[in-house]
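Asks: If you scroll down you'll find the structure; I have some questions about it.
2 protein chains.
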Amino acid sequence: MNTQPIRIGIIGYGNLGRGVELAIKQNADMVLKGVFTRRAPESVRLLTEGVPVYHVDTLPSMTDDFDVMILCGGSATDLPVQGPFYASLYNTVDSFDTHANIPDHFAKVDQAAKNAGKVCMISVGWDPGLFSLNRLYGEAILPQGATYTFWGKGVSQGHSDAIRRIEGVETAKQYTIPVEEALDSVRRGEAPVLSTREKHRRVCFVVAKEGADLAKIEKEIVTMPNYFAEYETTVHFIDRETFDREHGGMAHGGFVLRSGKTGVNVETNHVIEYSLRLGSNPEFTSSVLVAYARAVAKLAKEGVAGAKTVFDIPPAYLSPKSAEDLRKELL
Amino acid sequence: MNTQPIRIGIIGYGNLGRGVELAIKQNADMVLKGVFTRRAPESVRLLTEGVPVYHVDTLPSMTDDFDVMILCGGSATDLPVQGPFYASLYNTVDSFDTHANIPDHFAKVDQAAKNAGKVCMISVGWDPGLFSLNRLYGEAILPQGATYTFWGKGVSQGHSDAIRRIEGVETAKQYTIPVEEALDSVRRGEAPVLSTREKHRRVCFVVAKEGADLAKIEKEIVTMPNYFAEYETTVHFIDRETFDREHGGMAHGGFVLRSGKTGVNVETNHVIEYSLRLGSNPEFTSSVLVAYARAVAKLAKEGVAGAKTVFDIPPAYLSPKSAEDLRKELL
Chain A
1 MNTQPIRIGI
11 IGYGNLGRGV
21 ELAIKQNADM
31 VLKGVFTRRA
41 PESVRLLTEG
51 VPVYHVDTLP
61 SMTDDFDVMI
71 LCGGSATDLP
81 VQGPFYASLY
91 NTVDSFDTHA
101 NIPDHFAKVD
111 QAAKNAGKVC
121 MISVGWDPGL
131 FSLNRLYGEA
141 ILPQGATYTF
151 WGKGVSQGHS
161 DAIRRIEGVE
171 TAKQYTIPVE
181 EALDSVRRGE
191 APVLSTREKH
201 RRVCFVVAKE
211 GADLAKIEKE
221 IVTMPNYFAE
231 YETTVHFIDR
241 ETFDREHGGM
251 AHGGFVLRSG
261 KTGVNVETNH
271 VIEYSLRLGS
281 NPEFTSSVLV
291 AYARAVAKLA
301 KEGVAGAKTV
311 FDIPPAYLSP
321 KSAEDLRKEL
331 L
Chain B
1001 MNTQPIRIGI
1011 IGYGNLGRGV
1021 ELAIKQNADM
1031 VLKGVFTRRA
1041 PESVRLLTEG
1051 VPVYHVDTLP
1061 SMTDDFDVMI
1071 LCGGSATDLP
1081 VQGPFYASLY
1091 NTVDSFDTHA
1101 NIPDHFAKVD
1111 QAAKNAGKVC
1121 MISVGWDPGL
1131 FSLNRLYGEA
1141 ILPQGATYTF
1151 WGKGVSQGHS
1161 DAIRRIEGVE
1171 TAKQYTIPVE
1181 EALDSVRRGE
1191 APVLSTREKH
1201 RRVCFVVAKE
1211 GADLAKIEKE
1221 IVTMPNYFAE
1231 YETTVHFIDR
1241 ETFDREHGGM
1251 AHGGFVLRSG
1261 KTGVNVETNH
1271 VIEYSLRLGS
1281 NPEFTSSVLV
1291 AYARAVAKLA
1301 KEGVAGAKTV
1311 FDIPPAYLSP
1321 KSAEDLRKEL
1331 L
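Protein chains in written order, with our numbering: chain A, 1 to 331; chain B, 1001 to 1331.
Structure, rendered in structure tokens:
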């Protein structure tokens, strides 16, 4: 095993960046060498003593000091630009999660990474990420079948924002929750045909402004097209104190199921179920990013170049253990 | 994509071999080119028309006709010999599942495969196999935590055999069943310390011979050391007809859970749960073997040689889809 720790950098210091900082502490073969920000570096206080904070402008001059950069920006505007740019300088891992734009993002990062001789993983996390892996393993192993992804229980930022835009709403949070009957039908091997709206219900916690018309707010929510009208939606009005106390968490999770059939008459049922119950979405996502940073460091040592996804990475590359120990302890 | 189908051979035609035969039919990019048996070939009737049955003695002369051989013998006596021997002739996949002997089996197959320039996967199936993968992913992503494997509900052959050896027993079947309270404690993130016996209970269905002393049989079962004495064990006496009607199935399954913590004070809980509910243990295991045969064929084309396990295989290699399609459809 390599005795030099893997030198990691973090670009972007929000919830995800802090999660990466904490996850690195849990991995003895890694060290956090620096955090990069667009803010004034002296204004950023890390959770860790002794780690320097740099302005992102210094990134091009520090390529010898880091083995892997973990990009902790957002998918909407940061990563589409940062992904290809930093791929020309560093081995990277990002959590790009705009599903529809993955092929385009991959192509751009791939070209930059190949030109620079870097290994750059995109779309790492739990969905895309671990859920994607389970969709792949499921359909490869049970080719005749159906795959189901359920999300939640967890906060949907987009739906919470939509409620907040309604007149009379002070603040709000929306939880996406899997429909238990739909989940159970899949688990029984009934292979139901289910749309996203049949798999999820929506529960809203709303703090109204003083004197606001609650009935009107509720009606506006439950009839909002695309966001709520097609779903079973419940609205709870609560006071600010309750909201702050009970709805500040970032728990999330979900399920990937593969239901398939085998046998002489293709009537033997099998169900593979993968689920996550996450106390903190950003902390867990960070932990996935850090494990894949290890894989990137190993691939870079082998001289591999180009963009990669979780589909390309041999599972052993995620572990600090030797191949011998993995076979002995975990196989 | 390769337009030539992957040419598969089956060595050993029992439950597992028949499962492989059926699984190949579900994969359009594969073809079953032959089945090899130690019996007289003309005495073996396949489920598939037009596929030749050969005696195993002809195997050394047919190395140009097969891309991958799937070894469907048992782990006790067949695979320790067949694994290294056939690795000197063919790319292979086996389901060797004697956990303690995996390092030795790996070393022998690895040497033979490297000498012959072949790719040979060992210990493919669900445990070892898919469960191993989930143990690895779980501990790599949540390094501070605990991993739990529960088996069942499913028949344990060893325990059923032990009951059958008791005087007065005509036949018997023993089901290993996860203890629901233990599972739920893990799911709640309580990270309990659990021995195998605290995770499983044992339910026995026994057909007694006429005039046998049922109380004595029951006592012999529940007090049998190692097998039952340390477990919560239930014994049901049933008649032969009920036994044949209700206990001929080969359903199995189980759970792998990883419970781990992250965060500033390492107190945020996360639980990853992977579970299988299998209508037929051999049919599902066969489906896993066949998916990994595809990976072996791809690796062989790349010129890779040596023994491999599920830990070494990039997930994309299991799928017939292109990397582009995987990213677009499943990521």
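A virtual CB, placed ideally from N, CA and C, is assigned to each residue, including glycine.
Computed from a predicted structure; not experimentally measured.
Report the option in Y148/A, I221/A, F66/A and A212/A whose CA atom is closest to the CA atom of S185/A.
Replies: Translated into positions along the first sequence, residue 185/A becomes position 185. The shortest C-alpha separation from S185/A is found at Y148/A.
Asks: Do we get a CB-CB distance below 8 Å when we pair Y1148/B with the residues of chain A?
Replies: Numbered from its first residue, the second sequence carries residue 1148/B at position 148. It does not: the Cβ of Y1148/B has no partner Cβ on chain A nearer than 8 Å.
Asks: Output the residue ranges of the beta strand (DSSP E) runs that lie fully inside the segment 211-275 of chain A and measure 3 residues or longer, sorted by chain position.
Replies: List check, beta strand (DSSP E) in window: 233-237 and 252-262.
Asks: Where K1328/B and K1321/B are concerned, what is the direct C-alpha to C-alpha distance, given to the nearest angstrom?
Replies: Stepping through the second sequence from its first residue, residue 1328/B is reached at position 328. Stepping through the second sequence from its first residue, residue 1321/B is reached at position 321. When rounded, the distance between both Cα atoms is 11 Å.
Asks: So, for I10/A: in the same chain, excluding its five sequence neighbours on each side, which residues have a beta-carbon less than 8 Å away from its beta-carbon?
Replies: For the purposes of this step, residue 10/A is identified with residue 10 of the first sequence, where counting begins at 1. Excluding sequence neighbours, I10/A sits near G17, V20, E21, L32, G34, V35, F36, M69, I70 and C72.
Asks: What are the residues in the segment 252-276 of chain A lying within 7 Å of chain B by C-beta distance?
Replies: Residues T262, G263, V264, T268, N269, H270, V271, I272, E273, Y274, S275 and L276.
Asks: Flag K328/A as yes if its beta-carbon sits less than 8 Å from any beta-carbon of chain B, otherwise no.
Replies: Within the first sequence, residue 328/A is the residue found at index 328, counting from 1. With 8 Å as the cut-off, K328/A counts as an interface residue toward chain B.
Asks: Run down chain A in chain order and give the residues with a C-beta less than 7 Å from the C-beta of E1283/B.
Replies: Start at 1 with the first residue of the second sequence, and residue 1283/B comes out as number 283. Going along chain A in sequence order, the residues near E1283/B (Cβ under 7 Å) are T262, G263 and T268.
Asks: Taking 8 Å as the CB-CB cut-off, is T1309/B touching chain A?
Replies: By one-based count along the second sequence, residue 1309/B stands at place 309. Closer than 8 Å to some Cβ of chain A, the Cβ of T1309/B qualifies, so yes.
Asks: Report the residue from S1156/B, D1064/B and K1108/B whose alpha carbon sits nearest the alpha carbon of N1281/B.
Replies: As a working note, residue 1281/B is residue 281 in the second sequence. Minimum Cα distance to N1281/B is reached at S1156/B.
Asks: Across the segment 111-128 of chain A and the segment 137-144 of chain A, are there enough close Cβ pairs to call them in contact, namely three or more that are closer than 8 Å?
Replies: In short, these stretches do not touch, since the Cβ pair count stays below three.
Asks: Does any C-beta atom of chain A lie closer than 8 Å to the C-beta of Y1137/B?
Replies: For the purposes of this step, residue 1137/B is taken as residue 137 along the second sequence, with counting starting at 1. Y1137/B counts as touching chain A.
Asks: Do we get a CB-CB distance below 8 Å when we pair G279/A with the residues of chain B?
Replies: By one-based count along the first sequence, residue 279/A stands at place 279. Yes, G279/A lies at the interface with chain B (some Cβ there is under 8 Å from its Cβ).
Asks: Between F228/A and chain B, is the shortest Cβ-Cβ distance under 8 Å, so that the two count as touching?
Replies: Here the question's residue 228/A lines up with position 228 in the first sequence. With 8 Å as the cut-off, F228/A does not count as an interface residue toward chain B.
Asks: Pop quiz: R1187/B and E1273/B are said to be a contact at Cβ under 8 Å. What is the actual Cβ separation, rounded to whole angstroms?
Replies: As a first step, residue 1187/B is located in the second sequence; it is residue number 187 there, counting from the start. As a first step, residue 1273/B is located in the second sequence; it is residue number 273 there, counting from the start. The pair is a contact, with the Cβ atoms about 7 Å apart (cut-off 8 Å).
Asks: Return the chain-ordered list of same chain residues with a C-beta closer than 8 Å to the C-beta of M1001/B, the five sequence neighbours on each side being excluded.
Replies: Along the second sequence, one-based indexing puts residue 1001/B at 1. Low local confidence applies: a pLDDT of 47 at M1001/B is under 50, so the model's placement there is unreliable, and no value is given.
Asks: Under 8 Å by Cβ, that's how I've got A208/A and G168/A pegged, so tell me the actual separation to the nearest angstrom.
Replies: Translated into positions along the first sequence, residue 208/A becomes position 208. Translated into positions along the first sequence, residue 168/A becomes position 168. Their Cβ separation, rounded to whole angstroms, is 6 Å, which keeps A208/A and G168/A in contact under 8 Å.
Asks: If the cut is a Cβ gap below 7 Å, which residues of chain E does A1023/B touch?
Replies: This model lacks chain E altogether; the protein chains it does include are A and B.
Asks: Using a C-beta to C-beta distance shorter than 7 Å, which residues of chain A count as neighbours of D1312/B?
Replies: Working through the second sequence from its first residue, we reach residue 1312/B at position 312. Here the neighbours are P314 and A316.
Asks: Which residues in chain B have a C-beta closer than 9 Å to the C-beta of L47/A? List them in chain order.
Replies: Numbered from 1 along the first sequence, position 47 holds the residue referred to as residue 47/A. In chain order: V1264.
Asks: Where G1263/B and A23/A are concerned, what is the direct C-alpha to C-alpha distance, given to the nearest angstrom?
Replies: The count along the second sequence starts at 1 and reaches residue 1263/B at position 263. The count along the first sequence starts at 1 and reaches residue 23/A at position 23. Between G1263/B and A23/A, the C-alpha separation is close to 8 Å.
Asks: Tell me the DSSP bridge mates of L130/A?
Replies: For this step, residue 130/A is matched to residue 130 along the first sequence. DSSP lists no partner for L130/A.
Asks: Got a sec? Which residues, its chain only, sit under 8 Å from I177/A by beta carbon, not counting five neighbours each side?
Replies: Here residue 177/A is taken as the residue at index 177 of the first sequence, counted from 1. Same-chain partners within the cutoff: G152, K153, H200, R201, R202 and V203.
Asks: Determine whether the beta carbon atoms of D97/A and P128/A lie at a separation below 8 Å.
Replies: On the first sequence, position 97 is the one that residue 97/A refers to. On the first sequence, position 128 is the one that residue 128/A refers to. In this structure, P128/A lies closer than 8 Å to D97/A by Cβ.
Asks: Does the segment 296-315 of chain A come close enough to the segment 117-135 of chain A that 3 or more CB-CB pairs lie under 8 Å?
Replies: Yes: at least three Cβ pairs fall under 8 Å.
Asks: Please list the segments of the alpha helix (DSSP H) lying wholly inside the segment 87-140 of chain A, counting only runs of 4 or more residues, in order along the chain.
Replies: Those alpha helix (DSSP H) runs which fall completely within the segment 87-140 of chain A and span 4+ residues are 102-116.
Asks: Which of the residues in the segment 10-34 of chain A, read from start to end, lie with their CB under 8 Å from any CB of chain B?
Replies: From the segment 10-34 of chain A, only G19, L22, A23, Q26 and N27 have a Cβ closer than 8 Å to chain B.
Asks: Which of the three DSSP states, helix, strand or coil, is assigned to Q144/A?
Replies: Walking along the first sequence from the start, residue 144/A turns up at place 144. Here Q144/A sits in coil by DSSP.
Asks: Among the candidates S88/A, S75/A, P84/A and M121/A, whose CA atom is the shortest distance from the CA of H99/A?
Replies: By one-based count along the first sequence, residue 99/A stands at place 99. Comparing Cα positions, the closest option is S75/A.
Asks: Once DSSP output is grouped into helix, strand and coil, what is the label at V1296/B?
Replies: Along the second sequence, one-based indexing puts residue 1296/B at 296. DSSP places V1296/B in helix when its eight states are reduced to three.
Asks: So for A1323/B, helix, strand or coil by DSSP?
Replies: Mapped onto the second sequence, residue 1323/B falls at position 323. Looking at A1323/B - three-state DSSP - the assignment turns out to be helix.
Asks: So, for V1277/B: in the same chain, excluding its five sequence neighbours on each side, which residues have a beta-carbon less than 7 Å away from its beta-carbon?
Replies: For the purposes of this step, residue 1277/B is taken as residue 277 along the second sequence, with counting starting at 1. The residue asked about is misnamed: residue 1277/B is Arg in this sequence, not Val. Counting only Cβ-Cβ distances below 7 Å, and skipping sequence neighbours, we find G1253.
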